[in-house]
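Here's the structure we're looking at; comments come further down.
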């Protein structure tokens, strides 16, 4: 089972758990667990994150059979008071964790940036739950996630420029203007200003705002549950196409891919079961019925093809 591979990693700076879904698959909770350092990224934590992502990567074919507990959604969070306070420069200087890490070296820089690329390439959507500081590398991890939920005490900052460095690092120049526009990206990256949770929500950087950190876990679980109610392949292809569209492809290229994905799924047994379950729930709520028609635009929905 997949869980045994996760346990074999013997993680010390991450706390990971699996929650099995009744419909198959699981939600993987990954918590940055260096609360004494505001969950700052050390070489050991970075290495462990890469190891977990190794396990989450999909087999060569998206149609391959997967273990019943293979994660379909990831929830990323930080322990206690903060999400992530950035790169731990002190740990980097001292090589804490038994691995020397010179953050002034290109290899170390590439290990950080590669993590962001891998997050976007994963088949699983990532729900990021943020409380307290999300600064520097923590800001980048949040921006690279698919959905962000924050408590009102959250504060976002790309503070690289305040250290005399370029304000753009770990993909922030890519994500921020796509999420909030060039003007907001310029303000935050050129000044290193801290962005309160309320304003981040108003700007669309945060999808959902909760009153306190105590409410974060429940909100993240509800978001993950809504994603788990879909088919595995449908969820994966949706993330894949959204990422492709963000790269700046044409409308024609987007619709060509969407058409192929819909026809693939309209003939997929799991997708048919998901569609049937959803239509049944609508009927039970009095919102649907036998005359409610198919699902989607061009395709009539998996239910009508089986």
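Residue numbers (the UniProt record's numbering): 1 to 306.
The beta carbon of each residue, even a glycine, is placed where N, CA and C say it ideally should be.
Quiz item: Of the choices 239, 198, 139, whose alpha-carbon is the least far from that of residue 176?
Solution: 139
Quiz item: DSSP on residue 121, reduced to helix/strand/coil?
Solution: helix
Self-check item: Cβ-Cβ distance between residue 145 and residue 190 below 9 Å
Solution: no
Quiz item: At what residue ranges does the stretch 5–86 contain a whole run of the alpha helix (DSSP H), taking only runs of 4 or more?
Solution: 43–56
Quiz item: Mind pulling the beta strand (DSSP E) runs of 3 or more residues that sit fully within the stretch 108–163?
Solution: 126–130, 133–135, 147–151, 155–157
Quiz item: Beta-carbon separation of residue 30 and residue 73 under 9 Å?
Solution: no
Practice problem: For my contact list, residue 180 and residue 132 are in at a C-beta cut-off of 8 Å; report their separation, rounded to the angstrom. | Solution: That pair is no contact at about 21 Å.
Quiz prompt | Assigned exposure category for residue 269 - 16 Cβ within 10 Å defines buried | solution = exposed
Exercise. Can you tell me which of the three DSSP states residue 215 falls into?
Key: helix
Quiz item: Taking Cβ positions, are residue 159 and residue 183 nearer each other than 9 Å?
Solution: no
Quiz prompt | Burial state of residue 67, where buried means 16 or more other Cβ atoms lie within 10 Å | solution = exposed
Quiz item: Got a sec, what are the start and stop residues for the beta strand (DSSP E) residue 311 sits in?
Solution: As displayed, the chain neither begins before 1 nor continues past 306, which places residue 311 out of reach and without an answer.
Quiz item: In whole angstroms, what separates the C-alpha of residue 117 from that of residue 243?
Solution: 11 Å
Quiz item: Apart from the five residues just before and just after residue 232, which ones in its own chain have a Cβ nearer than 8 Å to its Cβ?
Solution: 24, 25, 66, 72, 270
Practice problem: Measure from the alpha carbon of residue 165 to the alpha carbon of each residue in 197, 119, 148, 109, then state which is nearest. | Solution: 109
Quiz item: For residue 263, which option in 245, 252, 237 has the closest C-alpha, if you only look at C-alpha atoms?
Solution: 237
Quiz prompt | Same chain, Cβ closer than 7 Å to residue 115, five either side skipped, listed in chain order | solution = 46, 49, 50
Quiz item: In three-state terms, what does DSSP make of residue 195?
Solution: strand
Exercise. Would you tell me roughly how many angstroms separate the C-alpha atoms of residue 3 and residue 121, rounded to the nearest one?
Key: 21 Å
Practice problem: Can you tell me which of the three DSSP states residue 247 falls into? | Solution: coil
Self-check item: Rounded separation between residue 98 and residue 34 - CA only
Solution: Model confidence at residue 98 stands at a pLDDT of 46, short of 50, so the residue's coordinates are unreliable; what they give is reported in the following sentence. The alpha-carbon atoms of residue 98 and residue 34 are separated by roughly 16 Å.
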